[in-house]
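All residue numbers for the sequence shown refer to the UniProt record's numbering, where the first residue is 1 and numbers rise by one. Note that CB positions come from ideal geometry on N, CA and C, so glycine has one too. Here the structure is a predicted model, which is why all the values come from computation and not from measurement. Below is one structure, written out as structure tokens, with a few remarks after it.
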Amino acid sequence: MKAVRVGLWSIWLSGLALIGLSFYSTQRLPPIIDQIKKPALSQKGFLDLGNPKITIFSAPSPFISSIAARQSLAVRSWLALSSQITVVLFSQHPSVFSFAEAFGSRVLVEPRIDFTFLGTPFFHSMMARSSSFRSDISVLVHPEAVLFPDLISTLYYAYELDNDWLLVALLRNVSRFPFYLDEAGKQWRREDGKEIRSQEEIILGQTRQQNPCKAKKLMAWNSGDLPLHSGVLPPFLYGKGVHDNWVINEAVSSSFRFVFDASLSISSFYMDDRERKSNEAFGGSSSSAYENKSWEYVGNSKLGMVYGSLFYQNANYSDLVKLLKCDGQHMFVDTPENTFRPFSHQRAPSLGKRRNLRSWRKKKISACLDALKSLNGILNCSLMNQLKLSESLVFHFSLESLLPLMADRNKTIVLAVAGYSYKDMLMSWVCRLRHLQITNFIVSAIDEETYQFSILQGLPVFRDVLAPSEISFNDCHFGTECFQRVTKVKSRMVLKILKMGYNVLLSDVDVYWFKNPLPFLYSFGSAVLTAQSDEYKETGPINLPRRLNSGFYFALSDGSTIAAMEKVVKHAANSGMSEQPSFYDTLCGENGTTRLGDNRCIEPETNLTVYFLDRNLFPNGAYQDLWQSKNVRAACAKKGCYVLHNNWISGRQNKLERQISSGLWEYDMSTRMCQQSWDSPK
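Encoded structure:
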């Protein structure tokens, strides 16, 4: 009996030990979700079958000099991650198109966003355009960032979350990167050509960027139902300021998405561009001086430029959950509370129910948490401190520097003169010219508000310091004293540019362009000033007294034109009316004494011919009631119009409403972007 009892006790104790061992082994296994849902990882990241489609967006510099090699390596590293990845490059530069051709449909170039006149893309336009691409996961990254397979595995884990999310990761800055991809784009090699067996060999010895507030960041998000944030993106220039921190702050504050930091689970590097910094240190060109500024924000309340949520809510970034891969397992970590949550298929809000560290894993988990301490400040940056700029922006371009930069090969400039009351109409005009691929335009700002607004919109603008002050916002339309003072600025500026050797096409911003009129206007030759007729009657002469419209005319930089324009400016300066009567009385004589036929005039002293343009091609706002047509665009297309003037209407608001309702409007005032007719990429 004693032997039986001993045997039974032995069996019972053995069973208890086996149960304990089984429980311990179960706890040591990865979560069941990892075994069931996660496909086997390949060397490139993960198996292609059934995985989410990923689109990587970036805005590269032109592929020239040393930048080309760094950007090429970066893009090739992205494509090597998975065949499920498509790359979209925002650019208008020919070198980017040439680079992309070698990769077929996997690398696309997207030029249909807003750029500054020097080619810098607008971040808010990039983000809006990215939403039109069909993708499960979107990634926005620096064009020189080299990425590795752990990005794909991390994105896969994030994709398993049952809610919308935004992932953020710091990029590591290295002074030297002695590795390259083979021609097939699959195997990393050292400088001596030897293969690298593991990613860790590359990562080993690389240092992390020491200033997290200014570090370049990678952002990724799933294509869920919720937006990234509730704020409206300001007109940030990509790569020039705090646009990434703004998005992160707004995403945290809005609480629409689960926002987490994956810096320790993603390996990424970019080269420290010493060549570029050296050029900046020694001054560089005037264009470089401009582009290296951060023109995102002006602390002047008069501008009405405090877009979206520029008054930040001071989100506590130190509480941002970190995604960490430790002991072969992904987990979310709350470092202030020293708690963690192993990854599982669940909604992010349940992460609030965090788990205390188990004693048998404390050592390994603690080591991982110690590594996190250096990252506690990744997003704990004061955005308000970064926005402490001067009260106004100092623009480095004058009229003299803009003319050679912007003029076309014929030394022709399209000039717009605008005040702040017409800022939205100015932008619609600019967007239309950009759509027509007309880039040789400049803006003369007659007030400080227009000047600052144009800078923020990336326009080639200069400040006319001699322009009249105290310009009315709503009461500066035709016939008002304000209108008379403002119009005289235009002829004086045109004369100045003509004397500098440039031809000028003066266009009011309420002139809608259907096609580029310059090739047609060149055909009239020298010593001819071509101008729109303001005659409203459908029959009869179009050069009747006071019917020369000074809101649209083309003047060549020749002796006859310059001499005649000097007479116009002098006459306008001594007139109590606008400049428009001065044009006609000077060039055609009072009451039309020098009229020639039904559509011309001759200025006898300078021998300048004034040609009144065909109204079917250049109609004014009263001709044939075109603005009242059911389809204004179709009616003008049938006539072959080059432009249509939105004049012969009283009041700024009435003019604005007429143009918007007609469909001849190119600017989205809510997003501050040019309206685009985008086709969804296939």
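Rounded to the nearest angstrom, the Cβ distance from leucine 167 to phenylalanine 99 is 27 Å, too far for a contact under 8 Å. Inclusion of aspartate 464 and glycine 419 in the CB contact set at 7 Å is not warranted, their separation being larger than that value. Residue pairing for cysteine 601: DSSP places it in a beta bridge opposite Arg595, Val610. Cβ-Cβ separation between histidine 229 and alanine 262: approximately 19 Å, too far for a contact (criterion under 8 Å). Counting the other CB atoms within 10 Å of its CB gives serine 255 a total below 16, which places it among the exposed residues. Under the three-state reduction of DSSP, alanine 407 is assigned to coil, being neither helix nor strand. Where serine 58 is concerned, the enclosing beta strand (DSSP E) starts and stops at 54 to 58.
Burial is judged here by how many other beta carbons sit within 10 angstroms of a residue's own beta carbon; alanine 69 has fewer than 16 and is exposed.
Here glutamine 457 really is in contact with methionine 427; their C-beta atoms are around 6 Å apart, less than 8 Å.
The residues Val109, in chain order, have a CB closer than 7 Å to that of phenylalanine 97 in the same chain once the five nearest residues on each side in sequence are set aside. Non-local beta-carbon contacts of serine 77 in its own chain, meaning distances under 7 Å to residues more than five positions away in sequence, involve Val146, Leu147, Leu181 in chain order. The beta carbon of phenylalanine 179 lies closer than 8 Å to those of Trp188, Arg189, Arg190, Glu191, Ile196, Ile202 in the same chain, with the five residues before and after it left out. Within the same chain, Cβ atoms closer than 6 Å to the Cβ of tryptophan 648 are found at Gly621, Ala622, the five residues on either side in sequence being excluded. DSSP, read as helix, strand or coil, puts arginine 190 in strand. Counting along the chain, serine 533 sits inside the beta strand (DSSP E) bounded by residues 528 to 533.
Under the DSSP assignment, aspartate 261 falls outside any alpha helix (DSSP H), being part of the beta strand (DSSP E) whose first and last residues are 258 to 261. Residue pairing by DSSP places serine 421 in no beta bridge whatsoever.
Taking a 10 Å sphere around the C-beta of leucine 466, we find fewer than 16 other C-beta atoms and assign the residue as exposed. The beta-carbon distance between alanine 215 and leucine 171, rounded to whole angstroms, is 7 Å. This is short enough to meet the 8 Å contact definition. Pairing lysine 217 with threonine 154, the inter-Cα distance amounts to about 16 Å.
Using a 10 angstroms sphere on the CB of glycine 551, the tally of other CB atoms reaches 16 or more, which defines it as buried.
The residue from Arg547, Asp408, Phe441 with its alpha-carbon nearest to that of leucine 415 is Phe441. Contact annotation, proline 234 with histidine 330: C-beta distance approximately 34 Å; criterion of less than 8 Å not satisfied. Tyrosine 180 is bridged by DSSP to Arg189. By the neighbour-count definition (other C-beta atoms within 10 Å, threshold 16), leucine 506 is a buried residue. Around the beta-carbon of asparagine 574, fewer than 16 other beta-carbon atoms lie within 10 Å, marking it exposed. Between the beta-carbon of isoleucine 137 and that of proline 52 there is about 5 Å, and that keeps the pair under the 8 Å contact cut. Excluding the 5 residues flanking it on each side, proline 62 has same chain C-beta neighbours closer than 6 Å at His93, Ser95, in chain order. Within the DSSP secondary-structure output, proline 541 pairs in no beta bridge. In terms of CA proximity to valine 509, Leu644 leads the group Leu644, Tyr522, Glu144, Leu529. Residue state for lysine 499 is assigned as helix, using DSSP reduced to three classes. In terms of Cα proximity to glycine 119, the closest of Ile413, Met406, Tyr451 is Met406. Contact between the stretch 533 to 545 and the stretch 556 to 564 is absent: fewer than three C-beta pairs spanning the two stretches fall below 8 Å. Under DSSP, the beta-bridge partners assigned to tryptophan 513 are Val643. Residue burial is scored here from C-beta neighbours: glutamate 579 has at least 16 other C-beta atoms within 10 angstroms and is therefore classed as buried. In the structure shown, glycine 104 adopts helical secondary structure according to DSSP, grouped into three states.
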